Each structure stands twice: as C-alpha cells, then as structure tokens.
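Heads up, the thing below is written out as structure tokens.
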Amino acid sequence: MAANREPRDASDGTSGRVVVGVHGSRSSLLALRHAADVARDRGWDLDIVTAWPDVDEPLIHDVPGRYIAARGRALDRQWEAVASLDPVLAPRVQTFLVNARPAQALIGRCGDADLLVVGAGDPESQLHRPSVAAECVASAPCAVTVVPDPDADPVAGSPARTPPEHRRHRRPRGSKAGTASSA
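Next comes the structure, spelled out in structure tokens:
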C-alpha cells in the first residue's frame, strides 16, 4: 500500500500533478476549472480522466477498428472539456480515456498524484449508490478536493451542501512519500 502524502508546493523545485475526472456534467466541468486553476497556479501537470462506458452498459473491451458508442460519447465529452481550457496549459495536459467505473479509473490514475479533483455530482443520483466523490474521498491515495455545484439543489448531507472538501493524508511516522507502508 502506498504511503499517503500531502500536496506539494511547486516552490520546492519539483513538479506536481493534479488529476481530474471529467464526463461532461456541470459538476465535472466545475471540477475541471478548479483543477486547471490549481495546475496553472502551482505549475503542476494536469491529467484529465474520462471513464466509459455509460452507466448500466456492460463493460466491454476496446477492440482496434471497432467503434463503441459509449467510448465515442466519452471521447466527445473529453474533447469539449479540453477545448475549454486555457491554451497556456496545453503543454502540461494529458488526457486518459479509461474503460472502467469512474471512481476506479480516477483512483487508479492518481497513485502518484498530488491532488485529485472531482465534482460533487448530482445529489439526486447519489440516493441509490455511493457517489464517485465519496468513493474517491474514501480510497484515493492522495489529497482529494470535492467541488460542489453552487446551483445544485442541496439535499441534507450531500457534498453540494458543504464548501469544497479537502482531505489530506498523513504519512505514518518514519515513512517517506511514495514508499510502501506496512501500516
């Protein structure tokens, strides 16, 4: 298990990395805007992750030369999001289109990242299953920021009711960032 780390400050001479999940919703676009601001302000790289297929479609493997509608929709949403970014960030941006559940794709991508940014999502859709944001806050190996939608209809206890949530991991005494921990 990787040791938990706090976000680095770019002034230490190293470059950090922020990962953001984007799927085209207002919530994910707000998360992208926040992640882009962090990347620009700190001089960090920005990884944009889009998971596919859509909810309730069976997971199928990408076959070269075969068009898969869910993958095409995900790619379109990702391109629209990337097009909205400040061109100054372009050299520091990488995109990832992942055939996995959204939380699984984000957690898998942020193993050595300094920060994961996710949108709070739609409170109505969270009534029947854990939100992507909740799964990421519980399982991501890096700091997580959950960006609420200021216009969302708040539901008691939903992430949209609270200000952005920042979670910092603490390293066990004696461990170094990026090393394995036996805790």
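Residues 8 to 190, numbered by the working numbering, are exactly what the sequence shown covers, in order. A virtual CB, placed ideally from N, CA and C, is assigned to each residue, including glycine. In this text the structure is predicted, and so the values were computed from the model without any measurement.
In the DSSP assignment, find the unbroken alpha helix (DSSP H) run with residue i in it and report its ends.
i, result
"Gly79", "76 to 90"
"Ala213", "No statement about residue 213 is possible, as the shown extent of the chain runs from 8 to 190 and does not include it."
"Val139", "139 to 146"
Does at least one heavy atom of the ligand FAD sit under 7 Å from the Cβ of residue i?
i, result
"Ile55", "The model on display carries no ligand, and the ligand FAD is accordingly not part of it."
Please return the same chain residues whose Cβ sits closer than 8 Å to the Cβ of residue i, not counting the five positions on each side in sequence.
i, result
"Val89", "Ile55, Val100, Thr102"
"Asp93", "Ala43, Arg47"
"Arg84", "Val29, His30, Gly31, Thr57"
"Glu87", "Gly31"
For a test of the three-state rule: what should DSSP assign to residue i, helix, strand or coil?
i, result
"Arg24", "strand"
"Gly118", "coil"
"Asp44", "helix"
"Thr169", "A caution first: Thr169 carries a pLDDT of 46, below 50, which makes its placement in the model unreliable, though a value can still be read off. Coil at Thr169, not helix or strand."
"Ser35", "helix"
"Pro157", "coil"
"Gly164", "Note that Gly164 scores a pLDDT of 47, beneath 50, so its modelled location is shaky and nothing firm can be said."
With a threshold of 7 Å on Cβ separation, who are the neighbours of residue i within its own chain once the five nearest residues in sequence on each side are excluded?
i, result
"Ser22", "Gly50, Trp51, Asp52"
"Leu82", "Leu104"
"Cys143", "Ala110, Leu113, Ile114, Leu123, Val125, Val151"
"Arg33", "Asp156"
"Arg108", "Ala58"
"Leu96", "Ala43, Ala46, Arg47, Leu53"
"Ser35", "Gly28, Val29, Gly126"
Between which two residues does the beta strand (DSSP E) harbouring residue i extend?
i, result
"Val104", "For the record, residue 104 in the displayed sequence is Leu; it is not Val. Counting along the chain, the beta strand (DSSP E) containing Leu104 begins and ends at 100 to 106."
Between residue i and the rest of its own chain, which residues show a CB-CB distance below 6 Å, the 5 nearest in sequence each way excluded?
i, result
"Ala120", "Arg24, Val26, Cys149"
"Ala147", "Ile114, Cys117, Leu123"
"Ala38", "Val27, Val124, Val125, Gly126, Val154"
"Thr169", "Confidence is the limiting factor: at Thr169 the pLDDT is only 46, short of 50, which leaves the residue's position unreliable, though a coordinate-based value still follows. Nothing listed; no residue qualifies."
"Ser45", "Checking the sequence, you will find Val at residue 45 rather than Ser. Counting only Cβ-Cβ distances below 6 Å, and skipping sequence neighbours, we find Val25."
Tell me the DSSP bridge mates of residue i?
i, result
"Leu194", "Residue 194 lies beyond the range of the chain shown here (8 to 190); nothing can be said about it."
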